[in-house]
Each structure stands twice: as C-alpha cells, then as structure tokens.
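S.K.: Take this structure, written in structure tokens, and hold onto it; I'll ask about it next.
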Amino acid sequence: TAIWYYQGVSMTWKSVKMRFVFFKYFRAIVKVLAFLICVAVWDSRTVYANDAVQKKIVESAEKIFNQYEISYVYGGHQLGGKGECERCNACLEKNKPSRDDKLKVCEVCSRCSLDCSHFTQMVFSGAGLKSPYLTTQTMLALSPDELFRNYHLVAIGLDISQAQDGDLLVYRGHVVLLKKLRGPNQGDIIHATSGRDVRGPGQGLQRERLVLLNHFRGPLLRILRHKEVLGGASQPFSAKLRPVEKRNPR
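Using this note's numbering, the first residue of the sequence shown is number 54, and each one after it goes up by one.
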C-alpha cells in the first residue's frame, strides 16, 4: 500500500510539473506570436502609407504634365492660367531669347513657366507635402541632416536599385522625378527641361521612358526622398556626399 501511495504521489507531482512546464512554454509562444503579429500589422500600415504618398506624388506630377502646355524658363516658378501660358509661349516663339534672357525679354513668362527644381517643388506641394524651394546646387551641397531638418528630404544614397516612385534624382544642374523604376538602371521620369527633345515653346514638361538613370544628365549625384514617404521619419539616413562644383543656382 505504501508503494502504491508513493507511486501515486510521484505520478501526481510529475503531472503537475509537466503541466507547469507546458503552460510556461505556451505563454512564451503566445507572447512571441503576439509580438510578430504586432510587427506585421505595423509594417503593413507603414508600407500602405508609403504607397499612398508615393502615389500622390506621381499623380501630382502627371496632373501638372497633363493640364499645362508650359515652357521651360530658367527661374520660372508659376503655373498661370491658359492665356498667360499661351502668351509666354508666343513671346518665346517670336523672340527666341537666350536661356538666361527669357524672363527679361518675355516678362509674361514670369506668370507661367517652370524650371526643373521649381517643377519638383510644385509636384510635392500638389501632393500636399511640405516642400520649401531649393536649387539643384543646394540639393547637392547640403548635408543629409540639413536636407532633412530644413527641406523634409532624406538622402538615400546612390544605389539606383534602392530608388522608388516619387524620388528625386539629382544630377549636376538638373533634377528629375522618378515615375517608375523599370529594372536595373532603367526607369520612367517626368521633368521640366529645355533639352533636345523639346521642339518648341509649351513643351517644357517631358515624360521619358526607360532612360539610363545612373547617367541621364551626367552621373547621378544624389537620390532624395520626401520624408513622408518614409512615414514621417524622425531621423535622416546617413549618406556620403560627392564633391560638387559650384554652378549658377537653378
């Protein structure tokens, strides 16, 4: 009888001990699963917000492109009415001023014309994002921390594979908006330009497909992303700067 009693107590203790171990590991597993679910939910929310902001940026660029027959004018910074744009285009067609004299010769163009850096500023503003104006020279010269604090821009680096829709690609003296990354070093862009594809006034905004992004207007010098695409990041990414030659601001 004593042996049976001992065996019964022993089995009961083992059962209690096994149950304790089971519940201990069960609670640990539940905590891990809860943590993973929270991370997944937060990550999905962040990706969703990023996609939404990127979509707004690209849609803003497309809207400006589709609604305006606007000329590229160095220093131009206004989207005027249809009549003002037409008068600017007519003046440029008639007088054919040099690049730096367009605003002097055709004063009406101050009310309807854009250059590349003002175009990207208007794209961000049209998407409802804070976007103080800065020239391409400033985009290249400032530190990542200054760009972040004063202009809401995050320096991503130079790896084109890390670029995303709505990013700014900065070259020496020129900046374009990346509409779509298509593959290794190729993508679609929208930009304000007076380049070889512009056949006359009113065609200052151009969409170009499958361009070589690393060397579109000389070597790519910087990739910039609005901080709201990153969900309103509180800290800038670190990025190395290449030396930049001084050039007239744009």
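All C-beta atoms, glycine included, are put in the ideal place defined by N, C-alpha and C.
What do you reckon, are the CB atoms on D167 and H227 nearer than 8 Å?
M.R.: Inspection of the sequence shows that residue 167 is occupied by Leu rather than by Asp. No. Outside cutoff.
S.K.: In three-state DSSP terms, what is D212?
M.R.: Reduced to three states, the DSSP call for D212 is coil.
S.K.: Is it the case that the Cβ atoms of M192 and R275 are separated by a distance below 8 Å?
M.R.: Yes, these two residues count as a Cβ contact at 8 Å.
S.K.: Is it true that the region 261–271 meets the region 214–225, where meeting means three or more beta-carbon pairs spaced less than 8 Å apart?
M.R.: As far as the Cβ criterion goes, the region 261–271 touches the region 214–225, which means the pair count is three or higher.
S.K.: Within 8 Å, do at least three Cβ pairs link the region 135–148 to the region 182–202?
M.R.: Judged by Cβ distances under 8 Å, the region 182–202 makes no contact with the region 135–148, as fewer than three pairs qualify.
S.K.: Indicate, with yes or no, if the ligand ZN has a heavy atom lying under 7 Å from the CB of G136.
M.R.: This structure simply doesn't include the ligand ZN, nor any ligand for that matter.
S.K.: Is the CB-CB distance between I110 and F172 below 8 Å?
M.R.: In this structure, F172 does not lie closer than 8 Å to I110 by Cβ.
S.K.: Considering only C-alpha positions, which residue in the set R164, R235, D212 and A208 is nearest to L277?
M.R.: Minimum Cα distance to L277 is reached at A208.
S.K.: Per DSSP, R260 forms a beta bridge with which residues?
M.R.: Bridge partners of R260: I243.
S.K.: Tell whether a beta-carbon distance below 8 Å holds between L182 and E281.
M.R.: Yes, the Cβ-Cβ distance between L182 and E281 is below 8 Å.
S.K.: Taking all protein chains shown into account, decide if P254 is buried (16 or more other Cβ within 10 angstroms of its Cβ) or exposed.
M.R.: By the neighbour-count rule (16 or more Cβ atoms within 10 Å), P254 is buried.
S.K.: Using the three-state DSSP reduction, which class does G136 fall into: helix, strand or coil?
M.R.: G136: helix per DSSP, three-state reduction.
S.K.: For G236, count neighbouring Cβ atoms within 10 angstroms of its own Cβ and tell me buried if that reaches 16, exposed if not.
M.R.: Counting Cβ neighbours within 10 Å, G236 comes out exposed, since fewer than 16 surround it.
S.K.: Ignoring anything shorter than 4 residues, give me the alpha helix (DSSP H) runs that lie fully in the region 148–172, in order along the chain.
M.R.: Entirely contained in the region 148–172, the alpha helix (DSSP H) runs reaching 4 residues are, in chain order, 155–158.
S.K.: So for G179, helix, strand or coil by DSSP?
M.R.: Reduced to three states, the DSSP call for G179 is helix.
S.K.: Which word fits D104, buried or exposed, when buried means at least 16 other C-beta atoms lie within 10 angstroms of its C-beta?
M.R.: By the 10 Å Cβ count, D104 comes out exposed.
S.K.: Return the CA-CA distance between G271 and K84, expressed in angstroms with no decimal places.
M.R.: If I take the Cα positions, the gap works out to 53 Å.
S.K.: What is the DSSP secondary structure of I117, counted as helix, strand or coil?
M.R.: Here I117 sits in helix by DSSP.
S.K.: State the CB to CB distance for the pair L258 and Y121, rounded to an integer number of angstroms; the pair is presumed to be in contact (CB under 8 Å).
M.R.: So it is a contact: roughly 7 Å between Cβ atoms.
S.K.: Confirm, please, whether the CB-CB distance from L234 to Q256 is below 8 Å.
M.R.: Cβ distance not < 8 Å, so Q256 and L234 don't count as in contact.
S.K.: Suppose contacts are defined by Cβ-Cβ distances below 8 Å. Is C162 in contact with L156 by that definition?
M.R.: Result yes, Cβ atoms of C162 and L156 sit closer than 8 Å.
S.K.: Look at the alpha carbon of D153 and the alpha carbon of A245, and state the distance between them as a whole number of angstroms.
M.R.: Cα to Cα, D153 sits roughly 16 Å from A245.
S.K.: Among all the DSSP beta bridges, which residues are the ones paired with K233?
M.R.: Note: K233 sits in a beta bridge opposite D241.
S.K.: Smallest Cα separation from N203: which of I243, S214, D241 and H279?
M.R.: Nearest of I243, S214, D241 and H279 to N203, Cα basis: H279.
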